[in-house]
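Chemist:
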Amino acid sequence: MELTDAGLIARVLADDDQHAFGELVRRHQSSVRGLLRQLTRTDIALADDLAQETFLRAYKNIRSFRGDARFSTWLYRIAYNCFREDARRRKELVGVDEERLQAEHDPRTVDPGLIHDLMHALSLLPLHERTAVVLCCQNGLSHDEAARVLDIPLGTVKTNVLRGREKLKRTLAAWGPN
Amino acid sequence: MIDDDTLDRQLREAAPYIDDEGFTARVMAKLPVARREPRWLRAMVLLGVTVLGSGVAYLLSGGGRFVREGMVQLSNFPIWLLLVFAFGCGLVIGAFAVIFAIRKTPEVRDLVGLRF
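Same order as they appear, the protein sequences are chains A and B.
Heads up: the first sequence is residues 1 to 178, going by my numbering.
Heads up: the second sequence is residues 1001 to 1116, going by my numbering.
Following this line, the structure appears as structure tokens:
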């Protein structure tokens, strides 16, 4: 029978079982790397470096995981912190200039494939809205869980998700097939 | 304009599963060396302390005289009282075991809504 995340974590805590931690990495690597790719605007190399740092931090601090939230939520929080710290180092964590981004890219010239357009529209969202949309709409976190991951008020998460969704809908409507 | 559910579904479908492609191995290679504080060492320490404590108690109690006397007294008790006593001990130990298991199992703890 396959062990649950809690069972694997218990093994890591009890025996420092690195194989159990490896299984946790295997289970969650896709979602963590996916989140970071969205945050870094599909800079795959940077996203994977941050994902690696995320799992190393998770291993070192696993005793602080109390099981109040899902393990994936805890990982997303670490991943988001890694991203923020890296962005601060790179002095890139300033509000994304939406108008500049829109101006440098005319959506009507983009490949009309819906998935492509959707991911592109997502990448055009300001960081705070993109993060909230990715966590809640793409990764299925509740607003409450996303608020814990991002360490911001619940109302702010709801607002960011709402605005992000509306922008995506507007953009997709403009790109839709005629 | 598309509705929220459709948008969310499309967003989920647009996020492909990312193949591991050696990622886990790279993470594992960077993990700090596992603490090898062997479990047998902890077990030996506990066993040693227990044996030492028992030895001291045996000597201080005059060669375990009170144990023998206790056993004699217990053997004089009616059988039903011994059964009640054994059942009570089992209940107390079982209750402690359940509480300990719940505390160590997040899924169960969340299920029953307990916070310790």
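For glycine and all other residues, C-beta sits at the position ideal for the given N, C-alpha and C.
Quantities reported herein were computed from a predicted structural model and do not represent experimental measurements.
Within its chain, find whatever has a CB closer than 7 Å to the CB of Ser72 (chain A); leave out the 5 residues flanking it on each side and keep chain order.
Modeler: Answer for Ser72 (chain A): His28 and Ser31, listed in chain order.
Chemist: Could you tell me which uninterrupted alpha helix (DSSP H) segments, each at least 4 residues in length, are contained entirely in the stretch 1006–1074 of chain B, listed from first to last along the chain?
Modeler: For the stretch 1006–1074 of chain B, whole alpha helix (DSSP H) runs of length 4 or above, ordered along the chain, are 1023–1030 and 1039–1060.
Chemist: Which bits of chain A does Ala1015 (chain B) rub up against, with CB to CB less than 7 Å?
Modeler: Residues of chain A passing the Cβ test: Gly34 and Gln138.
Chemist: Would Trp74 (chain A) be called buried (16 or more neighbouring beta carbons within 10 Å of its own) or exposed?
Modeler: Buried: at least 16 other Cβ atoms inside 10 Å.
Chemist: So what's Phe1077 (chain B) in DSSP terms, helix, strand or just coil?
Modeler: Of the three classes helix, strand and coil, the one that applies to Phe1077 (chain B) here is coil, per DSSP.
Chemist: Could one say the Cβ of Arg1042 (chain B) lies closer than 8 Å to chain A's Cβ atoms, at least one of them?
Modeler: No, Arg1042 (chain B) does not count as interfacial toward chain A.
Chemist: Quick check on the burial criterion: 16 or more other C-beta atoms within 10 angstroms. Buried or exposed for Asn1076 (chain B)?
Modeler: Exposed: under 16 other Cβ atoms inside 10 Å.
Chemist: Name the chain B residues whose beta carbon is nearer than 7 Å to that of Phe55 (chain A)?
Modeler: Going along chain B in sequence order, the residues near Phe55 (chain A) (Cβ under 7 Å) are Val1027.
Chemist: In or out: Arg63 (chain A) buried (at least 16 other Cβ within 10 Å) or exposed?
Modeler: Exposed is the call here.
Chemist: Using the Cβ count rule (16 or more neighbours within 10 Å means buried), how would you classify Lys1030 (chain B)?
Modeler: Lys1030 (chain B) should be labelled exposed.
Chemist: Taking Val25 (chain A) as the query, report the chain B residues whose CB atoms sit under 8 Å from its CB, ordered along the chain.
Modeler: Under the 8 Å cutoff, chain B gives Phe1023, Thr1024, Val1027 and Met1028.
Chemist: DSSP three-state label for Leu125 (chain A), please.
Modeler: DSSP places Leu125 (chain A) in coil when its eight states are reduced to three.
Chemist: Kindly indicate which residue of A:His143, A:Thr156 and A:Val134 has the alpha-carbon position closest to the one of Arg33 (chain A).
Modeler: If we check each option's Cα against that of Arg33 (chain A), A:Val134 comes out closest.
Chemist: Mind checking if Ile152 (chain A) is an interface residue toward chain B, Cβ cutoff 8 Å exclusive?
Modeler: By this cut-off, Ile152 (chain A) is not an interface position.
Chemist: Using a 10 Å radius around the Cβ and a threshold of 16 neighbouring Cβ atoms, would you call His105 (chain A) buried or exposed?
Modeler: Bear in mind that the predicted position of His105 (chain A) carries a pLDDT of just 43, short of 50, making it unreliable; the figure below should be weighed with that in mind. It is exposed - the Cβ of His105 (chain A) has fewer than 16 other Cβ atoms within 10 Å.
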